[in-house]
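This report refers to the structure that appears directly beneath it.
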Ligand code: ADP
Ligand code: ASP
Ligand code: MG
């Protein structure tokens, strides 16, 4: 059987709902559908999930969420009316959600309602059974999947059954609604695929697969026909946001293949993600901005066992969790997401680090990005040198390089303002 997950743009309006139904009905092996909240209908539009976060922010300020919620409600009602679904049932569900948000049920509850309502509508539209994720998908406090989820979900489904499961959320072990990080419906799809021991996990989106570079930056980038689990994780970790990097873990043990497909072009073969691939050479390039960089130095630092660990513990106390590390003999560079700490938090953290560890220097900088070149073989591949030369010729400054720690990826730190151009320059140098 096939688990198919449909992303936000695949469910943005009634036309998209119709396309989804046609895709599902064109293959009887598609028996579990995981759905996102309606996304943008065009570039000027708003995602339902973004509006739900706005509703919650209003409620936190003790203001009614109604002005924003009314826009959400009219989108769902528009879909239900066009598809001739039960509008009075939907209106009652919408009222309950709005009241709960106004009553302060919190961020995760509010954000999760986009998928909940989408799932309710899709289940009715297909005539399939609705599965409530809060009853089976268990999310740990750090946002990771609790393996209890697989067994609990497996207990709710049976061979021959047809199910709709809202993506993006589940509940803590204590039963409180919790969401994954943004884009997390991909993870829900992977959980469903694992629980159902699916033959295939289809991930339907608005592009015809994973491209060798973000198609918004390189419009003529080619589609990757085949990629490994490891490579896709590394590419999505540095910004190839078409597939959530945490959505590999649930399917990797059973080696369930994933196929990224386009709801708007269902005949396109898309990208297949699997354990191994015969393909060699460079697969793709991507960049992710929004990082800050912490740089510190202390003479003989690496002669002091435990110091790095102690410093990381201190960083965690300030909410800073580095994503990338670069080590020199007496120095460290840590990249972390800028949203993790504001300037006043970082200033106090730096004061503490300096004092407690007697550092020679420590400072931070905003506006950095990380570029990843995925694929290729380290032993005989010259693409790294070609990429660096192309960056130099384009006048793009390289701040840090990590070559060799991962067999799959070379990481290059650049300034945020150069990131998009760097992707394009490297794509042209390595793929054209
Ligand atoms: P969905 O709502 O279906 O989950 P997403 O918006 O999460 O869709 O992901 C699809 C988008 O990912 C594409 O529209 C594209 O803009 C973006 N994207 C970024 N990098 C890549 C890439 N390397 N290949 C394909 N799409 C990419
Ligand atoms: N709706 C959620 C988001 O916008 C989850 C998802 O689409 O995967 O992040
Ligand atoms: Mg997505």
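Residue numbers (this note's numbering): 5 to 436.
All C-beta atoms, glycine included, are put in the ideal place defined by N, C-alpha and C.
When only Cα atoms are considered, residue 98 and residue 107 end up about 14 Å apart. The beta carbon of residue 118 sits closer than 6 Å to those of 41, 52, 53 and 56, all from its chain and outside the five residues before and after it, given in chain order.
Distance from the CA atom of residue 213 to the CA atom of residue 33, rounded to whole angstroms, is 21 Å.
Secondary structure of residue 105 (DSSP, three-state): helix.
The residue from 432, 339, 72 and 101 with its alpha-carbon nearest to that of residue 367 is 339. In the DSSP assignment, residue 325 falls outside any alpha helix (DSSP H) and carries neither an H nor an E.
Around the ligand MG, the residues selected by a Cβ distance under 5 Å to any of its heavy atoms are 11 and 187, following chain order. No residue range can be given for residue 200, since it is assigned to no alpha helix (DSSP H) and is classified by DSSP as neither H nor E. Taking the Cβ of residue 40 as the reference point, at least one heavy atom of the ligand ASP falls within a distance shorter than 7 Å. Between residue 141 and residue 192 the beta-carbon gap is near 7 Å, inside 8 Å, which marks them as a contact. For the options 412, 385, 426 and 417, the alpha carbon positioned closest to that of residue 399 is the one of 426. When DSSP states are grouped into helix, strand and coil, residue 432 belongs to the helix group. Fewer than three beta-carbon pairs drawn from the region 178-197 and the region 214-229 are found closer than 8 Å, and the two stretches are therefore not classed as touching. According to DSSP, residue 374 shares a beta bridge with 292 and 417. The way I'd put it, the region 158-177 does touch the region 122-139; three or more beta-carbon pairs between them come closer than 8 Å. With a 10 Å radius around the Cβ and a threshold of 16 neighbouring Cβ atoms, residue 154 comes out buried. Around residue 23, the same chain offers 267 as residues with beta carbons nearer than 6 Å, after the five sequence neighbours per side are excluded. Per DSSP, reduced to three states, the secondary structure at residue 205 is strand. Per DSSP, the unbroken beta strand (DSSP E) holding residue 37 starts and ends at 34-39. Cβ contact annotation for residue 260 (same chain, cutoff 6 Å, sequence separation greater than five): 197, 202 and 205, in chain order. Residue 209 has its Cβ nearer than 7 Å to a heavy atom of the ligand ADP. The region 330-350 makes no contact with the region 383-397, as fewer than three CB pairs between them are under 8 Å.
Residue environment analysis places residue 386 among the exposed positions, since fewer than 16 neighbouring C-beta atoms fall within 10 angstroms of its C-beta. Not one heavy atom of the ligand ADP sits closer than 7 Å to the Cβ of residue 237.
Annotated three-state conformation of residue 137 is helix, per DSSP. Per DSSP, the continuous beta strand (DSSP E) segment holding residue 335 begins and ends at 335-341.
In the three-state scheme derived from DSSP, where H, G and I count as helix and E and B as strand, residue 298 is classed as strand. In this structure, residue 424 has its CB at a distance of at least 7 Å from all heavy atoms of the ligand ASP. Nearest Cα to residue 408 within the set 421, 314, 187 and 388: 388.
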